[in-house]
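Working notes for the structure below.
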Amino acid sequence: RYRPSSLTSDPRSVECEQEIATALFFGTPSCNTTMATQASLRRELARKTKPIPCYAVEQIPAKLGGEDLYKSLATVVESGKAKLVQELEIPARDAASWVVKAGQMWRICCHKGPQVADMNCWSLDNPMEHFYSSKTRQIHATHLSTGDRLWSNMPYMRPLATITHDSIAYGWDEDGAGVHDVIGSRCDPYTHKLMTGDESHVCCHSNLTRQALRDDLTESHVHDVLNVFMCTGFTRDTHQYFTKPSPVDVGDYLEFLAETDVRVSASTCPQGDVSLACGGGGEPDVYPLKVEVHQLPEGFLEQAGWKP
3 RYRPSSLTSD
13 PRSVECEQEI
23 ATALFFGTPS
33 CNTTMATQAS
43 LRRELARKTK
53 PIPCYAVEQI
63 PAKLGGEDLY
73 KSLATVVESG
83 KAKLVQELEI
93 PARDAASWVV
103 KAGQMWRICC
113 HKGPQVADMN
123 CWSLDNPMEH
133 FYSSKTRQIH
143 ATHLSTGDRL
153 WSNMPYMRPL
163 ATITHDSIAY
173 GWDEDGAGVH
183 DVIGSRCDPY
193 THKLMTGDES
203 HVCCHSNLTR
213 QALRDDLTES
223 HVHDVLNVFM
233 CTGFTRDTHQ
243 YFTKPSPVDV
253 GDYLEFLAET
263 DVRVSASTCP
273 QGDVSLACGG
283 GGEPDVYPLK
293 VEVHQLPEGF
303 LEQAGWKP
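Residue numbers (my numbering): 3 to 310.
Structure below.
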């Protein structure tokens, strides 16, 4: 529906707006407007209208327990309030999975060298409910950081987890790149064969599929990922998906609170820190990543009003 300048901040005159409204709503010439002119006016309207965010973040249901509770979670591990209950290593060029109960926290940690990971997440009780990267991107942004939630697919549409701390906190650079993206799907054997003609299963999709099979899931349960530590964006001239060397360094981590019981799986990308384009050749340095699961003191979340 056409919006007048009072709503769109469009600077055109009232007379011009009346001409557009007449042409658009009634389809009849006004001020000698032709069909070609109507089309031109639509183009002009689109170009002059300021961007309209599709979803207002402030309309999302508030976090149970409040923002202060979630901010406090960023320090519970270092302060010793949270207890380490599980630790595992995701081997280089492979995947691993782990279970996190509601109210527990998990970290993906860089402990040996710069490395990115492709992460999947499912409801533990129902693997048909999984992380929905597209809707998460629409609600939050192309790249996630502290405070953002990982939303599940329809018809469930609820947060599976919340990011409680991002040690990189990269923001946006001059090329428009950010870290922890939800725009890249994952490297996979099908695109690789399409673009190179070669068969290769050294990729995140295949890693995640093999781990899914070990967890009694199937390839169809593997879904679009959260690209942990990956530095990406869209080129300004052609708007193509691009990558940069990840800024992650030893000691960095991305930390989550499980909002419900979840199974998490992650692949250490065979592209390492993704300094090289997928399928572009070369032999990148690849490292394992460490996973930690932490248990909060009994009642710590509940006394603030949080619940699964």
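Beta carbons are placed, not taken as given, at the ideal position from N, Cα and C, and that holds for glycine.
By the Cβ test, the stretch 283-303 is not in contact with the stretch 143-156, since fewer than three Cβ pairs between them sit closer than 8 Å. Between the alpha carbons of C205 and R216 lies a gap of roughly 17 Å. Remark: fewer than three beta-carbon pairs, one from each stretch, lie closer than 8 Å, so the stretch 189-201 and the stretch 102-112 are not flagged as touching.
Checking the DSSP bridge columns, you'll see V264 partnered with V102, S125.
C233 has V181, K246 as its beta-bridge partners, per DSSP.
With a cutoff of 9 Å on beta-carbon distance, R151 and I170 are scored as not near each other.
Straight through space, the alpha carbons of A268 and M156 are spaced by roughly 22 Å.
Taken in chain order, the complete beta strand (DSSP E) segments of 3 or more residues contained in the stretch 109-159 are 119-125, 151-153. Under DSSP, the beta-bridge partners assigned to T164 are R151, L259. Residue state for L291 is assigned as strand, using DSSP reduced to three classes. Three or more Cβ pairs drawn from the stretch 217-234 and the stretch 252-267 lie within less than 8 Å of each other, which places the two stretches in contact. Look at the beta carbons and you see the stretch 177-187 touching the stretch 242-249: at least three pairs across the two are nearer than 8 Å. With a threshold of 16 other beta carbon atoms within 10 Å, P161 meets it and is buried.
Counting the other Cβ atoms within 10 Å of the Cβ of T77 gives fewer than 16, which makes it exposed.
Pairing Q117 with G284, the inter-Cα distance amounts to about 16 Å.
Taking 9 Å as the cut-off, the Cβ atoms of H194 and C280 count as close.
For K85, no alpha helix (DSSP H) run applies; the uninterrupted beta strand (DSSP E) run containing it begins and ends at 85-92, by DSSP. In terms of CA proximity to E60, I141 leads the group D190, P310, Q273, I141.
V293 and E89 do touch by the CB rule: their CB atoms are close to 7 Å apart, below 8 Å. In the DSSP secondary-structure assignment, Q297 is bridged to K85.
In the three-state DSSP reduction, L196 falls in the helix class (H, G or I). Per DSSP, K73 is one residue of the alpha helix (DSSP H) stretching across 69-74.
In the three-state scheme derived from DSSP, where H, G and I count as helix and E and B as strand, A58 is classed as coil. If you ignore the 5 residues before and after S99, its C-beta comes within less than 7 Å of the C-beta of Q213, D217, R265, V266, S267, all in its own chain and listed in chain order. Per DSSP, the beta-bridge partners of S269 are A97, D120. Between G307 and V288, the C-beta gap is not smaller than 9 Å, which leaves the two residues out of contact. Contact check for K65 against F302 fails: the beta carbons are separated by 9 Å or more.
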